[in-house]
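Colleague: If you scroll down you'll find the structure; I have some questions about it.
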Amino acid sequence: LSKETLVVQGGPDAFVGMIGLGTIRPGQLCLITGSSHLHCLITKQPTSAPGTWGAYRGAPLANTCFAEGGQSSTGSLVRWVRDLVSGPGDDKISYKVLDDEAAAIPPGSDGLVALE
Numbered sequence: 096l097s098k099e100t101l102v103v104q105g106g107p108d109a110f111v112g113m114i115g116l117g118t119i120r121p122g123q124l125c126l127i128t129g130s131s132h133l134h135c136l137i138t139k140q141p142t143s144a145p146g147t148w149g150a151y152r153g154a155p156l157a158n159t160c161f162a163e164g165g166q167s168s169t170g171s172l173v174r175w176v177r178d179l180v181s182g183p184g185d186d187k188i189s190y191k192v193l194d195d196e197a198a199a200i201p202p203g204s205d206g207l208v209a210l211e
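Position one of the sequence shown corresponds to residue 96 (the working numbering), numbered consecutively onward.
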């Protein structure tokens, strides 16, 4: 590569997302939704709790620690349900419409209860 070639490095989606959201100081928490749903926390010292991942020292920035918890594949499940109820083709129901319809149904409707 020539000296004029710009070189950049990416990073894990949660780390990059945290920086983009401004979650860079101890005590800050962000929620990230993608193929999974994450709760990401910045701390001064490495810390962890049952059911969480981390602590990762020096992540996402030097002199910070990062711990996370969440549900793997939940975002992928939401997309799968949207695609299923939308039927074949490229014309998919919007997530906003699905959110509005779900908000109109009381918890436990038709006996359905989801527990973690």
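C-beta atoms are modelled at their ideal positions from N, C-alpha and C, and glycine is treated no differently.
Taking the beta carbon of Pro155 as the centre, do at least 16 other beta carbons fall within 10 Å, making it buried, or is it exposed?
Modeller: The residue labelled residue 155 in the question sits at position 60 within the sequence shown. Buried is the call here.
Colleague: Report yes if the CB atom of Gln166 is closer than 8 Å to the CB atom of Ser130, and no otherwise.
Modeller: Numbered from its first residue, the sequence shown carries residue 166 at position 71. Numbered from its first residue, the sequence shown carries residue 130 at position 35. Taking 8 Å as the Cβ cut-off, Gln166 and Ser130 do not qualify as a contacting pair.
Colleague: From which residue to which residue does the beta strand (DSSP E) around Glu88 run?
Modeller: Lying outside 96 to 211, the shown extent of the chain, residue 88 is not represented and no answer is given.
Colleague: Can you grab the Cα-Cα spacing for the pair Pro107 / Met113, in whole Å?
Modeller: The count along the sequence shown starts at 1 and reaches residue 107 at position 12. The count along the sequence shown starts at 1 and reaches residue 113 at position 18. Their backbone Cα atoms lie some 10 Å apart in a straight line.
Colleague: Quick check: the segment 184 to 199 against the segment 132 to 150, are at least 3 beta-carbon pairs closer than 8 Å?
Modeller: No: fewer than three Cβ pairs fall under 8 Å.
Colleague: In three-state terms, what does DSSP make of Thr147?
Modeller: The residue given as residue 147 occupies position 52 in the sequence shown. It is coil, neither helix nor strand.
Colleague: Please classify Ala157: is it buried, with 16 or more other beta-carbons within 10 angstroms of its beta-carbon, or exposed?
Modeller: Numbered from its first residue, the sequence shown carries residue 157 at position 62. So Ala157 counts as exposed.
Colleague: Report yes if the CB atom of Ala162 is closer than 8 Å to the CB atom of Thr128, and no otherwise.
Modeller: Indexing the sequence shown from 1 puts residue 162 at position 67. Indexing the sequence shown from 1 puts residue 128 at position 33. Not a contact, by the Cβ cut-off of 8 Å.
Colleague: With a threshold of 16 other CB atoms inside 10 Å of the CB of Thr159, please say whether the residue is buried or exposed.
Modeller: The sequence position of residue 159 within the sequence shown is 64, counting from 1. Buried.
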